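Engineer: Chains as they are written, first to last, in our numbering: chain A, 310 to 542; chain B, 13 to 297.
Note that the Cβ used here is the ideal one computed from N, Cα and C, for glycine as well.
Quantities reported herein were computed from a predicted structural model and do not represent experimental measurements.
Can you keep this structure in mind? I'll have questions shortly.
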């Protein structure tokens with residue numbers, strides 16, 4: 310049984326259809342990535358999973374139950390955490406508050422403030438700084454930390470390494486591997502193959518609102534050129 | 013001296029209203045025209061409690077609680093369905109609240125003035141620096157300062173304040189953390205309604221209680237909110253004291269220029285610092 314299954318989902322922005330008959334699944338404890346160009350529908354799909362975009366037709370199954378009608382807050386409480394592309398740090402809250410707010414309704418579990426500060430020591434140094442004074446890398450760590458503090462089973466990461474310095478990217482990759490090693494499944498969205506090839510065992514390729522290819526990472530490598538052509542990376 | 017006391021007490025009263033307006037605007041993006049009616053309702057409720065129980069303090073406690081319940085109902089039943097619509101609908105709706113509340117007050121309490129008296133403890137006057145100051149005014153200043161301190165403590169230090177600040181900026185992201193934002197909205201509206209009624213109850217012994225009493229003060233409260241910076245509650249404190257002092261000084265030295273002075277402050281702010289006199293960039297709640 311999969312942890313999350315999106316079955317034949319159609320999603321619209323106004324009258325324009327953004328996702329066509331999209332089906333993806335995430336197994337417990339795995340890292341899967343979703344790769345596609347700008348505007349391919351990656352963020353739209355993540356938002357649909359989180360209940361932030363309505364699913365016009367199709368199903369969202371979570372933990373073996375039909376979760377199509379669950380609200381965003383119920384999905385959050387059921388164990389899905391969302392780390393958006395633009396991080397969406399609470400600007401008027403300081404770093405510590407940005408983390409603590411996730412514990413208010415978060416689930417019980419292995420992750421607590423102390424462990425998040427251990428994972429990202431830089432955040433501890435900046436504990437009392439307001440959210441809108443952080444650098445891009447700090448914001449990304451904070452967004453991941455905030456998501457972790459809800460003690461999720463599934464972490465949705467939207468382009469976590471975008472626009473970050475290579476050293477920070479290395480740190481984040483290590484952090485993601487560590488988080489996954491603790492049993493948290495990760496759905497990783499990226500524009501290119503660089504990070505997904507390092508972390509994910511399975512890949513989905515999306516273009517123009519359609520899933521064009523899905524399969525194991527080694528199969529992707531074997532047919533890399535042909536597959537990259539499919540989604541014009 | 014008495015001018016300063018009158019100014020400060022006026023400022024505190026304005027702050028109670030402006031704080032509610034500011035919180036509601038920050039959280040719901042709704043400009044609540046009915047805030048003045050809730051203030052009026054608070055005065056009538058307090059009057060009623062005082063005539064039933066004989067205790068001013070019972071009125072001071074009961075009025076905001078009843079108004080908060082009414083506020084919660086207003087938000088749940090009427091405002092919630094129109095959040096996704098154009099702002100005009102919300103404005104019209106809060107305007108509708110005015111009509112309903114005013115009519116309800118007229119039916120229940122009639123048209124004649126009601127009068128409330130300060131509690132015995134603060135009924136007299138105190139000699140300060142050679143002038144006589146009504147001690148009830150001093151009570152308002154102390155009480156207002158205590159309420160604002162509690163409010164800031166709640167916003168800055170408590171878990172509720174943290175959620176309100178976060179949800180004022182990015183409600184969707186707060187929802188992803190499992191927090192029921194629509195409940196927070198109801199809470200904030202209800203709390204704002206309670207603050208307005210608290211203002212009304214405190215103002216009861218100062219002014220005649222009448223149907224139009226909400227109208228005068230709501231204009232000044234909106235001016236306070238704009239001068240303080242829309243959605244900036246710290247700015248609202250300073251602006252409330254500024255407007256309160258301006259009006260008190262105006263009444264003693266140039267009574268016919270009072271409104272003129274207030275509006276000059278408003279226009280000056282809008283021209284020179286439209287984001288509010290006391291605004292720090294990016295500051296909300």
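Using DSSP with H/G/I as helix, E/B as strand and the rest coil, what is residue 466 (chain A)?
Structural biologist: Three-state result, residue 466 (chain A): strand.
Engineer: When the Cα atoms are used, what is the spatial distance from residue 532 (chain A) to residue 395 (chain A)?
Structural biologist: Going by the C-alpha atoms only, they are around 32 Å apart.
Engineer: Under 7 Å Cβ to Cβ from residue 90 (chain B), same chain only, skipping five residues before and after it: list those, please.
Structural biologist: Cβ within range, chain order: 105.
Engineer: I believe residue 255 (chain B) touches residue 232 (chain B) by the beta-carbon criterion, under 8 Å. Please report the beta-carbon distance rounded to the nearest angstrom.
Structural biologist: So it is a contact: roughly 6 Å between Cβ atoms.
Engineer: Please identify, using Cβ separations under 8 Å, the residues of the region 198-211 of chain B that lie next to chain A, in order along the chain.
Structural biologist: Those residues of the region 198-211 of chain B that come within reach of chain A (Cβ to Cβ, closer than 8 Å) do not exist; the list is empty.
Engineer: In whole angstroms, what separates the C-alpha of residue 317 (chain A) from that of residue 51 (chain B)?
Structural biologist: Whole-angstrom Cα-Cα distance: 53 Å.
Engineer: Determine the burial state of residue 47 (chain B): buried for a count of at least 16 other Cβ atoms within 10 Å of its Cβ, exposed for fewer.
Structural biologist: Counting Cβ neighbours within 10 Å, residue 47 (chain B) comes out buried, since at least 16 surround it.
Engineer: Using only the alpha-carbon positions, how far apart do residue 460 (chain A) and residue 130 (chain B) sit?
Structural biologist: Roughly 54 Å between the two C-alpha positions.
Engineer: List the residues of chain A whose Cβ lies closer than 7 Å to the Cβ of residue 182 (chain B), in chain order.
Structural biologist: Those within 7 Å of residue 182 (chain B) in chain A are 397 and 399.
Engineer: In chain order, what residues of the region 410-427 of chain A put their CB closer than 7 Å to some CB of chain B?
Structural biologist: Residues 410, 411, 413, 414 and 415.
Engineer: Note down, in chain order, all residues in the region 346-359 of chain A with a beta-carbon under 7 Å from any beta-carbon belonging to chain B.
Structural biologist: Flagged, chain order: 359.
Engineer: Counting beta carbon pairs with one atom in the region 117-129 of chain B and one in the region 52-68 of chain B, are three or more of them shorter than 8 Å?
Structural biologist: Yes, the region 52-68 of chain B touches the region 117-129 of chain B.
Engineer: Here's the rule I'm using: 16 or more other beta-carbon atoms within 10 Å means buried, otherwise exposed. How should residue 45 (chain B) be labelled?
Structural biologist: By the neighbour-count rule (16 or more Cβ atoms within 10 Å), residue 45 (chain B) is buried.
Engineer: Measure the CB-CB distance between residue 246 (chain B) and residue 203 (chain B) and report whether it falls below 8 Å.
Structural biologist: For residue 246 (chain B) and residue 203 (chain B), no; Cβs fall outside 8 Å.
Engineer: I'd like to know if the region 210-225 of chain B and the region 523-531 of chain A are in contact, where contact means that at least 3 CB-CB pairs between them fall below 8 Å.
Structural biologist: The region 210-225 of chain B, when compared against the region 523-531 of chain A, does not touch it at the 8 Å Cβ threshold.
Engineer: Could you work out which residues of chain B lie near residue 546 (chain A), taking near to mean beta carbons separated by less than 7 Å?
Structural biologist: Nothing can be reported for residue 546 (chain A), as the shown portion of chain A is limited to 310 through 542.
Engineer: What are the boundary residues of the beta strand (DSSP E) that residue 322 (chain A) is part of?
Structural biologist: Start and end: 313-322.
Engineer: Have a look at residue 320 (chain A) and residue 509 (chain A) and give me their C-alpha separation to the nearest angstrom.
Structural biologist: Answer to the nearest angstrom: the Cα atoms are 26 Å apart.
Engineer: Give a yes or no on whether 8 Å exceeds the smallest Cβ distance from residue 189 (chain B) to chain A.
Structural biologist: It does; some Cβ of chain A falls within 8 Å.
Engineer: Looking at residue 180 (chain B): is its Cβ nearer than 8 Å to the Cβ of residue 38 (chain B)?
Structural biologist: A contact, by the Cβ cut-off of 8 Å.
Engineer: Out of A:342, A:440 and A:332, state which residue places its alpha-carbon closest to the alpha-carbon of residue 463 (chain A).
Structural biologist: The shortest Cα separation from residue 463 (chain A) among A:342, A:440 and A:332 belongs to A:342.
Engineer: Identify the contact partners of residue 192 (chain B) in chain A, using a Cβ-Cβ distance below 7 Å as the criterion.
Structural biologist: What residue 192 (chain B) touches in chain A: 382.
Engineer: For the beta strand (DSSP E) containing residue 512 (chain A), list its first residue and its last residue.
Structural biologist: Element bounds for residue 512 (chain A): 511-516.
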